[in-house]
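Only one structure is covered here, and it is reproduced in the block below.
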Amino acid sequence: MKRTERAESSAAESSAVVTDGAGVDWRGSASSSVTVTREERLREFYEETILKPMLVAWSDSRTQLGLLIIGFYVSLALVAVFGLWREPSTSQAPRYLTLFENMQYPLGTTASGTDLAALIIHSTPDILLMVTSGGLWATGIAVLVGTVAGYKGGSVGRVLMSVSDFVMAIPGLPLVMILAITFNPKNPILLGIVININYWAGLGRSIHSQVLTIRENNYVEASRTMGVSTPRIILKDVIPNIMPYVTVNFVFAARYVVFASIGLFFLGVLPYSDQNWGVTLNFAYNGGALFSWSAAHWLLVPMAAIIGLSVGLILLGQGMDRVFNPRVRTRLTGESESTASADEKDTGMTEVL
Amino acid sequence: MSNYYVRRTARVFATIFAVATLTFGLIRLLPGGPFTQLRAQLLRQGVPASEVDARISNLQNINPNAPLWRQYLDYMGAVAQGNFGESISLGEPVAQVIAEAVPWTVFVVLVSTILMFAVGIFLGSLQAYWEGSRFDKAFSGVSIGLMSVPFYVVAVISLYVFAYQWGWLPTAGTVGTNVEKELSVPFLLSALEHSLLPIFSYTLGGIGGQALAMRGNSIQVLGNDYVRVARLRGLADRRIATRYVARNAILPMYTGFLLLLGFRLSGTVILEQIFSYTGLGYYMFAALKANDYPLMMATFLVITVALIVGVYIADLTYSKIDPRISAGGSDEAY
Numbered sequence: 000m001k002r003t004e005r006a007e008s009s010a011a012e013s014s015a016v017v018t019d020g021a022g023v024d025w026r027g028s029a030s031s032s033v034t035v036t037r038e039e040r041l042r043e044f045y046e047e048t049i050l051k052p053m054l055v056a057w058s059d060s061r062t063q064l065g066l067l068i069i070g071f072y073v074s075l076a077l078v079a080v081f082g083l084w085r086e087p088s089t090s091q092a093p094r095y096l097t098l099f100e101n102m103q104y105p106l107g108t109t110a111s112g113t114d115l116a117a118l119i120i121h122s123t124p125d126i127l128l129m130v131t132s133g134g135l136w137a138t139g140i141a142v143l144v145g146t147v148a149g150y151k152g153g154s155v156g157r158v159l160m161s162v163s164d165f166v167m168a169i170p171g172l173p174l175v176m177i178l179a180i181t182f183n184p185k186n187p188i189l190l191g192i193v194i195n196i197n198y199w200a201g202l203g204r205s206i207h208s209q210v211l212t213i214r215e216n217n218y219v220e221a222s223r224t225m226g227v228s229t230p231r232i233i234l235k236d237v238i239p240n241i242m243p244y245v246t247v248n249f250v251f252a253a254r255y256v257v258f259a260s261i262g263l264f265f266l267g268v269l270p271y272s273d274q275n276w277g278v279t280l281n282f283a284y285n286g287g288a289l290f291s292w293s294a295a296h297w298l299l300v301p302m303a304a305i306i307g308l309s310v311g312l313i314l315l316g317q318g319m320d321r322v323f324n325p326r327v328r329t330r331l332t333g334e335s336e337s338t339a340s341a342d343e344k345d346t347g348m349t350e351v352l
Numbered sequence: 000m001s002n003y004y005v006r007r008t009a010r011v012f013a014t015i016f017a018v019a020t021l022t023f024g025l026i027r028l029l030p031g032g033p034f035t036q037l038r039a040q041l042l043r044q045g046v047p048a049s050e051v052d053a054r055i056s057n058l059q060n061i062n063p064n065a066p067l068w069r070q071y072l073d074y075m076g077a078v079a080q081g082n083f084g085e086s087i088s089l090g091e092p093v094a095q096v097i098a099e100a101v102p103w104t105v106f107v108v109l110v111s112t113i114l115m116f117a118v119g120i121f122l123g124s125l126q127a128y129w130e131g132s133r134f135d136k137a138f139s140g141v142s143i144g145l146m147s148v149p150f151y152v153v154a155v156i157s158l159y160v161f162a163y164q165w166g167w168l169p170t171a172g173t174v175g176t177n178v179e180k181e182l183s184v185p186f187l188l189s190a191l192e193h194s195l196l197p198i199f200s201y202t203l204g205g206i207g208g209q210a211l212a213m214r215g216n217s218i219q220v221l222g223n224d225y226v227r228v229a230r231l232r233g234l235a236d237r238r239i240a241t242r243y244v245a246r247n248a249i250l251p252m253y254t255g256f257l258l259l260l261g262f263r264l265s266g267t268v269i270l271e272q273i274f275s276y277t278g279l280g281y282y283m284f285a286a287l288k289a290n291d292y293p294l295m296m297a298t299f300l301v302i303t304v305a306l307i308v309g310v311y312i313a314d315l316t317y318s319k320i321d322p323r324i325s326a327g328g329s330d331e332a333y
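If you want it as structure tokens, here you go:
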């Protein structure tokens, strides 16, 4: 009896939140018209999930900067896709031009007379694809494993967590090296997945421990007593709570892909069809750029590209943290409204470079 | 309670067993398999074809003609005894190569990780103490900047500047070529000199993340009621800072420390390559390039075991250090 009461009250609360924005008083109209048109619902959805987070995000200077930087890389990728910059090829320019020496080749040229700007621009699309696929893969699997293990608990949870522990125990980079040599993945999407092949384990473990507390909330209990199916509970009641954490960690997983992939390209372990930032770095390193100041730009340009992208990702991650922090959010949107607590710290369960 | 420790310890061995099995499988996945390369190499060296198989089984403790399960049992048996066979490329027992490589890697990883935490915690707590000040804002920016620089970029740049351009520090190796390998002052100095750049580049990038984490933790702790109560009780600032704030802010980072030690071991594959620092990662990469499967699998296993032990220690000691966490934890199935 007590249980159903609680279920009702929490259901009422949630409907109050839904209709509040549309200005309908749910209490007085129990008998007749509590109708929310589809249009209103859409607008509601738009405001809650897109407009407000965007407003909050944009109010933070770190997110602004992060989005600008990521936007810059996306536009570089577009330039490459639409062929607005020349393709890199050897002997297309004088050799060893330094930065801004010849404005036709603003970033200088390599020992073989390849335009460095072209090298950087034309490898951006692949790198962005790789970063996105790696991040999606890591967070996707982590959410799946973490929520199912955390919500179901018992033997399912134990098995899933043992699997995560096992995967976590395998050292990331060496495993990726062996897999890269074995399967020779050239497709950037596949490569992103290979690089983050075991990144999900640590993340899944920390999601698991968060879900363990979420599942004790009374609205989850309410859904359970009402007989809502497990996948639906996980989707509707559990995942919204961990979404902030997941988004932030998506950014970190993406950054790991950047660091690890470029590092492995630099070592010459990963297969490649065209030169990218890491391969350029490798060529510069082995091409003697270390020994003279005149070729230093050959090393510095790809490094700047890597650092720029990861600065963008980190700023975005830091700003995202803000978006989902309930206190900041409430203050900025001028409403008092409780969202899930996002005060979770990164406990360092995921691989770092 | 003791049941939990027994189960946790059993899981360590189960995981090591599973990873050893995985390495056995991985060798067979690799192009050409484990024996093709070796067979070709032995034939080239003029070993008669009839003796090649015997030589292979001698080198790798595995008879290539035996059925797979038999090979597996032989492999696992040898690994359990610490016998990893003989390195193909170096011609030395793998166990010996690893024994020489491990101290260097452990030294670099341990020192750099401890430094990274120490500096990070120090700067982070200062930032939290002066939250919102110009120092705090400036250093938050610096931290984000540091986080965005991969360690190999620091490594290459520092190698370029300090070793090649200015010639202050050696460019490669673990000790000078003309230094005797014995415990003496010149040896230690030379080792230190060679390890400065690897440690520096492996430390610098990590500081930012730790400082930001410590800053966040400290600010959160500072907002707690018990800190306010301690102030009201008139306790000395130093006591509040060390016993109340620092202790509670560092606690959550402890697990991260041990896990990071393990993760950073695998990062040495890139680090040691840049500095030609002959540690575990260096040999792992060299073995990969030379198709030296016994050496490769052994380094892989050693790094894995280190990681497993790190997680194990973190799990076991965390409940001791933080009494609020109880080991184990109860699960209820829904």
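Just so you know, the protein sequences line up as chains L and E, in that order. Take the first sequence: its letter number 163 is residue 162 in numbering that gives the first Met the number 0, and every next letter is one higher. Take the second sequence: its letter number 8 is residue 7 in numbering that gives the first Met the number 0, and every next letter is one higher. Glycine included, C-beta positions come from ideal geometry on N, C-alpha and C. Note that this is a predicted model, so its numbers are computed, not measured.
Burial check for L/T123: the Cβ neighbour count within 10 Å reaches 16 or more, so the residue is buried. Between L/L298 and E/Y159, the C-beta gap is smaller than 9 Å, which places the two residues in contact.
The Cβ neighbour count for L/T212, taken over all protein chains shown within 10 Å, is under 16; the residue is labelled exposed. Pairing E/L294 with E/V96 gives a Cβ-Cβ distance under 9 Å. With respect to E/E99, E/T277 sits close: the two C-beta atoms are nearer than 9 Å. Distances from the CA of L/L115 to each of L/G226, L/W276 and L/L127 were compared; the closest alpha carbon is that of L/W276. For E/L264, at least one C-beta of chain L is nearer than 9 Å to its own C-beta.
Cβ proximity to chain L below 9 Å picks out S139, I143, G144, M146, S147, V148, P149, F150, Y151 and V152 from the region 134 to 153 of chain E. Look at E/A17: its C-beta is under 9 Å from a C-beta on chain L.
At a C-beta separation below 9 Å, E/L306 has these neighbours in chain L: M167, A168, I169 and P170.
The beta carbon of E/M115 sits closer than 7 Å to the beta carbons of T202, G205, I206 and Q209 from its chain, once the five residues preceding and following it are set aside; these are given in chain order. Within chain E, the C-beta atoms nearer than 7 Å to that of L/G262 come from P149, Y151 and I269, in chain order. Fewer than three beta-carbon pairs drawn from the region 141 to 159 of chain L and the region 82 to 92 of chain L are found closer than 8 Å, and the two stretches are therefore not classed as touching. The straight-line gap separating the alpha-carbon atoms of L/M242 and L/S208 is approximately 14 Å. Along the region 283 to 300 of chain L, the positions whose C-beta sits under 7 Å from a C-beta of chain E are Y284, L289, F290 and L298, read in chain order.
For the pair E/S139 and L/S222, the Cα-to-Cα distance works out to about 43 Å. Neighbours of L/I188 across chain E, judged by C-beta separation under 9 Å, do not exist; the nearest C-beta is about 21 Å away.
Distances from the alpha-carbon of E/S124 to those of E/G144, E/Y163 and E/A212 put E/A212 closest. Interface criterion met: the Cβ of E/V310 is under 9 Å from a Cβ in chain L. The secondary-structure analysis by DSSP pairs L/T108 across a beta bridge with L/D114.
DSSP, reduced to helix, strand and coil, places E/E85 within a strand of the structure shown. L/G262 places its beta carbon 9 Å or farther from that of L/L178. Cβ neighbours of L/L269 within its own chain (closer than 6 Å, five residues either side excluded): A179 and L263. In terms of Cβ geometry, L/T108 and L/F282 do not form a close pair [threshold 9 Å].
Proximity of L/F265 to chain E, defined by a Cβ-Cβ separation below 9 Å, is satisfied. Residues of chain L whose Cβ lies closer than 7 Å to the Cβ of E/F274 do not exist, since the nearest Cβ in that chain is about 12 Å away. Under the DSSP definition of a beta bridge, E/P92 partners with E/E85. The beta carbons of L/V166 and L/V245 sit no closer together than 9 Å.
Your pair L/I206 and L/G145 checks out as a contact, with CB atoms roughly 3 Å apart and the cut at 8 Å. Not a single C-beta of chain E is nearer than 9 Å to the C-beta of L/I206.
With 16 or more neighbouring CB atoms inside 10 Å of its own CB, E/I273 falls in the buried class. At least one CB atom of chain E sits nearer than 9 Å to the CB of L/S161. Rounded to whole angstroms, L/I313 and E/A171 show a C-alpha spacing of 33 Å. Listed along chain L are A168, I169 and P170, each with a C-beta nearer than 7 Å to that of E/T303. Against E/T14, the close residues of chain L are S161, D164, F165 and A168, in the order they occur along the chain (beta-carbon pairs closer than 9 Å). CA-CA distance, L/L75 to L/I120, rounds to 6 Å.
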